[in-house]
Structures are given as C-alpha cells and as structure tokens.
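Comments concern the structure below.
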Amino acid sequence: MFITFEGIDGAGKSTQVVKLKRHLQERGREVLTLREPGGTPVAEQIRELLLESHNDITSIAELLLFSASRAELMEKIIMPALEDGCDVILDRFFDSTTAYQGYGRGLNLDMLADINRIASHGIRPDITFYLDLTPEDALMRKFSEKSLPLAFESEELDRMENSGLEFYQRVRAGYHAILEAEPQRIVMIDALLTPPEIHRKILSNLHNFEVTSDGKN
Ligand SMILES: Nc1ncnc2c1ncn2[C@@H]1O[C@H](COP(=O)(O)OP(=O)(O)O)[C@@H](O)[C@H]1O
Ligand SMILES: [Mg+2]
1 MFITFEGIDG AGKSTQVVKL KRHLQERGRE VLTLREPGGT PVAEQIRELL LESHNDITSI
61 AELLLFSASR AELMEKIIMP ALEDGCDVIL DRFFDSTTAY QGYGRGLNLD MLADINRIAS
121 HGIRPDITFY LDLTPEDALM RKFSEKSLPL AFESEELDRM ENSGLEFYQR VRAGYHAILE
181 AEPQRIVMID ALLTPPEIHR KILSNLHNFE VTSDGKN
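The end of the sequence shown is residue 217 by UniProt numbering, with every number in the run present.
Structure, rendered in structure tokens:
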C-alpha cells in the first residue's frame with residue numbers, strides 16, 4: 001500500500017507516521033517510511049537548497065526543485081519498494097505541491113497537475129491522511145516546542161516556514177479544496193485530537209479501505 005500524510009508543519013504528520021509504521025510492522029508488513037523533499041543523495045541536496053532560509057528562489061524554480069526531488073525518490077526508491085510488496089508511508093507528496101505552490105504561491109493549478117503527474121510517474125497514493133490544523137495553532141506548537149516567543153517571521157524558522165500567516169491560510173484552504181475534489185482518496189482528521197485518537201482514526205480508515213478495495217478486486 002502507498003500511504004501519504006499531508007498537512008502544514010506542526011500538524012503531527014511525523015508523529016503519526018511513526019505510530020502507523022509500528023502498527024503495520026506488528027502485523028508482519030514490510031514498511032518503508034520516507035519524507036519529502038529528500039530520500040536520495042541528490043534529493044537530499046535539493047532539500048537543503050529548498051529549506052535553507054537565506055536562499056531566494058522563484059516560485060517556478062521552487063516547484064521544479066520539489067518535483068525533481070520527487071521524481072528521484074519515486075523512481076529510485078518508492079516504485080521498487082511497491083513492486084517488492086512493501087508498504088510505503090510518505091510524509092508529504094504531490095498534494096503538498098498543489099497546496100503550497102498552487103494555492104499558497106498562486107501557480108496555475110492545471111500546470112501543477114501536469115508536473116505532479118510527471119514527477120510522480122503517474123502513481124497516486126492509495127490513501128492520504130490530511131491532518132487539519134490552523135496556522136495559528138501550528139505556530140503555537142512550533143514555538144512552545146522550542147520555548148520561543150510567538151512570531152510569524154523568525155530566524156528560527158526555515159525558508160518555507162517563514163512565508164507568513166496569510167500564505168499558510170491559503171495553503172490550508174488549498175488542502176480543503178483538494179479534499180473536496182478527491183474525497184475518496186483523502187481522509188481529513190482534526191489535528192487537535194490527541195495523538196492516540198488520531199492514530200485510532202487512521203487505523204479505522206485503513207481498515208475500511210482494505211475491506212472495500214478487497215471487495216472490488
Ligand atoms: N495530536 C497532537 N496534539 C498535540 N501535539 C502534537 C500532536 N501531534 C504532534 N504533536 C506535537 O506537535 C509538534 C509537531 O508534531 P510533528 O509530528 O513533528 O508534526 P509535523 O511532522 O506535521 O510537522 C511536536 O512537538 C509533537 O510532539
Ligand atoms: Mg514532520
């Protein structure tokens with residue numbers, strides 16, 4: 001199975017990836033967990049370029065760098081793993097591109113759909129968990145984690161995180177639009193629930209998915 005996690009920084013993706021991995025492994029599955037951008041030597045270098053807070057990058061260049069990282073990861077790691085029967089859990093995928101570069105930065109959504117298809121080799125996740133959190137709550141989590149005063153622009157944040165509150169509000173609205181367009185693939189979960197509550201919701205949705213997809217095959 002190919003499972004992706006989406007949501008703004010601080011929503012709890014990494015926390016849930018770890019829990020889900022453990023659960024699937026306990027059920028005897030072979031599980032590979034990855035996060036974008038990155039995952040191959042070239043993709044990790046692209047990650048550094050993208051997140052380094054002093055880099056000034058145009059929106060199109062940013063789009064192509066994220067997509068280049070994705071194409072590397074897809075062809076070298078994810079496609080072979082899926083072919084071997086592994087479950088792949090990926091922290092961020094093309095919905096992030098649509099939400100951040102499309103709704104956040106304002107790039108053309110049809111163009112993004114084409115580039116997303118190219119970079120992902122036409123492969124789509126079986127199921128996507130979107131953890132929904134307001135940018136204000138996300139920032140509060142981030143700063144309480146680091147015990148810092150609350151600010152929407154800070155040396156402590158990476159280049160993407162330093163894009164400001166309104167940018168993150170557009171990104172969140174973008175995620176909601178993506179969800180509306182593909183409710184059969186994407187499951188939205190309230191990120192303010194506790195980690196165990198979110199984990200339980202993920203497992204029950206996965207169970208439903210397995211039951212219905214077995215029925216179809
Ligand atoms: N459901 C939750 N409720 C409260 N805090 C959470 C929850 N999930 C994660 N956190 C905390 O919020 C911060 C961000 O979580 P993380 O899993 O790293 O999010 P992401 O990977 O989406 O950026 C961490 O300090 C984490 O311990
Ligand atoms: Mg994370």
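The beta-carbon is built from N, C-alpha and C at its ideal position, and this holds for glycine as well.
Residue i: CB within 7 Å of a non-hydrogen atom of ligand 1
{"i": "E145", "result": "yes"}
Residues bridged to residue i [DSSP beta-bridge criterion]
{"i": "V187", "result": "F129"}
{"i": "D91", "result": "F5 and R35"}
Any non-hydrogen atom of ligand 2 within 7 Å of residue i CB
{"i": "D91", "result": "yes"}
Residue-chain proximity (residue i, chain C), Cβ-Cβ < 8 Å
{"i": "A81", "result": "In summary, chain C is missing from the structure at hand, where a single protein chain is found."}
Could you give the uninterrupted runs of the beta strand (DSSP E) lying entirely in the stretch 97-139, keeping only those of 3 residues or more? 127-132
Hey, which residues come within less than 5 Å of ligand 4, measuring from Cβ to any heavy atom, in chain order? Questions concerning ligand 4 fall outside what the structure shown contains, since the ligands it does hold are ligand 1 and ligand 2.
Any chance you could list the alpha helix (DSSP H) runs of at least 4 consecutive residues sitting entirely within the stretch 35-59, in chain order? 41-51
Are there three or more Cβ pairs, one per stretch, closer than 8 Å when the stretch 13-21 is compared with the stretch 189-202? yes
Does the stretch 25-34 come within contact of the stretch 42-58, defined as at least 3 CB pairs closer than 8 Å? no
Is there contact here, the stretch 102-113 with the stretch 168-181, by at least three beta-carbon pairs under 8 Å? yes
Could you tell me whether the stretch 86-95 touches the stretch 1-8, using the rule of 3 or more Cβ pairs below 8 Å? yes
Is there contact between the stretch 177-195 and the stretch 125-144, where contact requires at least three CB pairs shorter than 8 Å? yes
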